[in-house]
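Taking this note's numbering, the leading residue of the sequence shown gets 31, the next gets one more, and so forth. We put the CB at the ideal spot given by N, CA and C, even for glycine.
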Amino acid sequence: MPTRREFLRTGALTGLGFVLYWKGGALFAKPASASTASTYCGPGGLSAEALFGQPGTNAQMILGAMAAAPMDASTITKYVTPLVIPPAMPRAGRIRLWGGGTVDYYEITVKQFQQQILPAPLPQTTVWSYGSERHPGTLNYPAFTIEAEHGTPVRVRWINGLVDANGNYLPHLLPVDQTLHWANPPGGNAGRDTHGMSPAPYTGPVPLVPHVHGAHTTDESDGYTEAWYLPPAKNIPAGFARTGSKYDYFRLKFFLKRLAKWPTGSAVFHYPNDQAATTLWYHDHTLGMTRLNVYAGPAGFYIVRGGPNDAAPGVLPGPAPARGDAPGIAYHDIPIAIQDRSFNVDGSLFYPDNRAFFEGLTPEQLQIPLIPATTPDGQPSDVSPIWNPEFFGDAIVVNGNTWPQLTVEPRRYRFRFLNGCNSRFLILKLATDPLASRPATAALSFWQIGSEGGFLPAPVELDQLLLAPAERADVIVDFTGLPAGAELYLVNEAPDEPFGGGDTGVDFDVADPETTGQVMRFVVGALLSPDTSLPPAALTLPAPAPLGPASVTRKLSLNEEFSKTLLVTTDPVTGAVVLNSGGLPFGPTAAKLGTLATDPVTGMPMGMPMMWVDAITENPALNATEVWELYNFTMDAHPMHIHEVQFQVVDRQPFMPTLGAPRPPEPWERGFKDTVIAYPGEITRVKARFDLRGLYVWHCHIVEHEDNEMMRPLFVGNMRFMNVADMNTDNIDITGEETSRDLSFEPDKTSTMFLPLIGHK
């Protein structure tokens, strides 16, 4: 049967001079002749008449057909767009609490707009992102950075603003599979947060709920996946659920704790910022829709500074963007979000709308029943019609632009790298030639000083950075001594397909050097100011103290599921996948987490997969320190994320001790983390202290997996505290537009200036 690693032979565009082919979960469309941007057909490029020699109506028909056609990423010009450094998100003001203390208050909304992600003259792309509700002009993909100070809480009113100018809801930009276990607003209050049965893409109002990834905060402010809410649109259909099944539960908890209300179409979250200085990020976390909502754009950095675990001023490269900055400041502490995307030739985002895409087939070649259809003998299909198990875009986007360029001074820089991809792992390296044979020779080192939970015990010099989706690396790159005009390229040597570990070019094919094997370019300019930071080898880092011994060891499993009702083979003549009672189970149909058992015959460990709706099995005691052993029974590596905690990697080892002894964490994993790579066939052990009571989740951060069962609830402490939603609230008004009673509000009076954002409107 064809796999995601095989070519998609040809498609409908062949007659238009294009050949479609498959590589690593992404559909590529290459022109049959020429490979430059001049072959682009559409706004800002050649007309259909000029390209195809067909005037009038026929030309318009061809343009219409091309609008939905995938763009060939190799035709996108590289290194012509300056890297955008996201400014600091402006506050709405400060809250002075009656009991003393202050809170930085933000009002942040998600809206739809257009941005020049592709280089001009290619068209703009419609995206979503976060911006300040009180500061027009702050919408950008990725969003502005929330700058937080250790010990000063941040409170955010997160607003779902996905409505048009008339107040009517905006449908999703991408195809939503309703047959997954998802938010399911059309199910009504009784059927929300359940599997749907309609095979058609959902076109209703979009649910959202934000999550600050890595934040140490109580559960009502964590962004629980079933606490979503629709925009306050005028035309929400009758019978639709307007909020998720846990929204009122957390809204009540927040009110009882903070005396603050959640206005319609929003949620108000509180972040204590009592954790070590570090690089966090925020993104959507809606049940069964995270892959699509994040791919559409909403994500941004959240950086905690100061406190006992931060470096003294001037020791590390700076400055970083701050609230109130004027344009023109030279920054040397720069967050860099790397994502992969695919585009249609009209500039719109491409994401597959059928399961055949993952198999390297056209929809007509996938000749199996899909939910809700049944087999000829009456067996129900368990294959969702739209969901793809992974997705790999064919273009690299950095801080909102494809393949940008940054002019650097010959001095040290601090880069906070984030892998914001849906499924793609990254292996980053600095090279002098973007097309150098892989593995390339490293031209400069990365000095990694921190990971997701703060500083490492000591700087680590590395030739390359391995980053799974959602992982961050806080690094110093020293350009000192390089001549003006020197060019360095950030390249990617991870595969264009699921990553399972191993050595570059030996255990997997590297990313396409022409496209996804390149990330951005650095060009050395003049030194504009003296560098007072310390050389990384001389740094003493204020890393947090390690955790003490654990009282509980918990054995958990990572599993991949195949169809229980569909056996298939591949037709040797047509290549179609067809039902065959003598074939193999079709799949994968889902990825799942679970507990562990022992096979009574072989004595081998055995995964016990569980569904999202199954009873909670992870229930640490409040303030307990536990070791979680993650047994990976799948063929792929998974980035595992646990909410509420920052953990330490203990070790890894094969399932059977005879196959290898435990090996310690990698040097760059010896600080605190919130996301860890669990390799296939291995046990990955992490240790965490669960010090906040409440309802959280743990999941794989390949978001296609997360959206189809590879996520489980987690409750810390006595589970009787889950019953707060059953309290009698008849005399408690938690609705309305007043956000808080327990405060006086001081709006920010100083005007905030924003850096010019490239190609944005």
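Given residue i as reference, the closest of the options once Cα atoms are compared
| i | options | result |
| --- | --- | --- |
| residue 200 | 515, 156, 411 | 156 |
| residue 661 | 676, 646, 628 | 628 |
| residue 146 | 362, 429, 338 | 429 |
| residue 188 | 261, 774, 404 | 261 |
| residue 528 | 623, 669, 436, 166 | 669 |
| residue 548 | 657, 443, 434 | 434 |
| residue 124 | 681, 183, 611, 569 | 183 |
| residue 638 | 616, 577, 590, 684 | 590 |
| residue 634 | 678, 611, 711, 737 | 711 |
| residue 151 | 613, 118, 504, 377 | 377 |
| residue 223 | 148, 181, 265, 270 | 270 |
| residue 206 | 752, 738, 776, 777 | 738 |
Through-space distance from residue j to residue i, alpha-carbon basis
| i | j | result |
| --- | --- | --- |
| residue 426 | residue 368 | 7 Å |
| residue 134 | residue 703 | 26 Å |
| residue 283 | residue 250 | 6 Å |
| residue 225 | residue 142 | 27 Å |
| residue 500 | residue 603 | 42 Å |
| residue 255 | residue 581 | 29 Å |
| residue 692 | residue 192 | 49 Å |
| residue 708 | residue 577 | 21 Å |
| residue 209 | residue 273 | 19 Å |
| residue 337 | residue 480 | 15 Å |
| residue 364 | residue 390 | 38 Å |
| residue 605 | residue 388 | 14 Å |
| residue 366 | residue 221 | 40 Å |
| residue 362 | residue 641 | 45 Å |
| residue 230 | residue 399 | 14 Å |
| residue 677 | residue 246 | 12 Å |
| residue 402 | residue 575 | 53 Å |
Close-in-space but distant-in-sequence residues of the same chain around residue i (CB under 6 Å, 5 per side omitted)
| i | result |
| --- | --- |
| residue 327 | 157, 158, 159, 171 |
| residue 544 | 104 |
| residue 244 | 310, 482, 704 |
| residue 659 | 585, 713, 715 |
| residue 373 | 101, 380 |
| residue 621 | 590, 735, 740 |
Coil, strand or helix - residue i by DSSP
| i | result |
| --- | --- |
| residue 522 | strand |
| residue 232 | coil |
| residue 383 | coil |
| residue 108 | coil |
| residue 345 | coil |
| residue 688 | helix |
| residue 251 | helix |
| residue 719 | strand |
| residue 698 | helix |
| residue 405 | coil |
| residue 177 | strand |
| residue 504 | strand |
| residue 207 | coil |
| residue 305 | coil |
| residue 777 | strand |
| residue 317 | coil |
| residue 353 | coil |
| residue 160 | strand |
| residue 171 | coil |
| residue 198 | coil |
| residue 438 | strand |
| residue 594 | coil |
| residue 324 | helix |
| residue 557 | coil |
Sequence-distant residues of its chain with Cβ nearer than 8 Å to residue i (five each side left out)
| i | result |
| --- | --- |
| residue 470 | 459, 461, 463, 521, 523 |
| residue 517 | 462, 551, 552, 553, 554 |
| residue 442 | 347, 362, 506, 507, 508, 509, 510, 561, 563, 565, 566 |
Own chain residues within Cβ distance below 7 Å of residue i, not counting five before or after
| i | result |
| --- | --- |
| residue 386 | 392, 393, 395, 396 |
| residue 546 | 370, 424, 426, 522, 526 |
| residue 493 | 459, 472, 475 |
**Request:** Kindly confirm or deny that the region 202 to 217 and the region 683 to 691 touch, where touching means at least three C-beta pairs closer than 8 Å.
**Result:** no
**Item:** Stretch-stretch touch, CB-based, cutoff 8 Å, three pairs: the region 587 to 595 with the region 399 to 417
**Value:** yes
**Message:** With three or more C-beta pairs closer than 8 Å as the rule, is the region 547 to 562 touching the region 508 to 518?
**Reply:** yes
**Prompt:** Taking three-plus beta-carbon pairs below 8 Å as touching, is the region 342 to 356 in contact with the region 278 to 294?
**Reply:** no
**Message:** Tell me whether the region 637 to 646 and the region 738 to 754 touch, counting them as touching only if at least three CB pairs, one residue from each stretch, are closer than 8 Å.
**Reply:** yes
**Cβ pair count under 8 Å reaching 3, the region 231 to 246 against the region 190 to 206** = yes
**Asked** If we count Cβ pairs, one from each stretch, closer than 8 Å, do we get three or more for the region 726 to 743 versus the region 443 to 454?
**Response** yes
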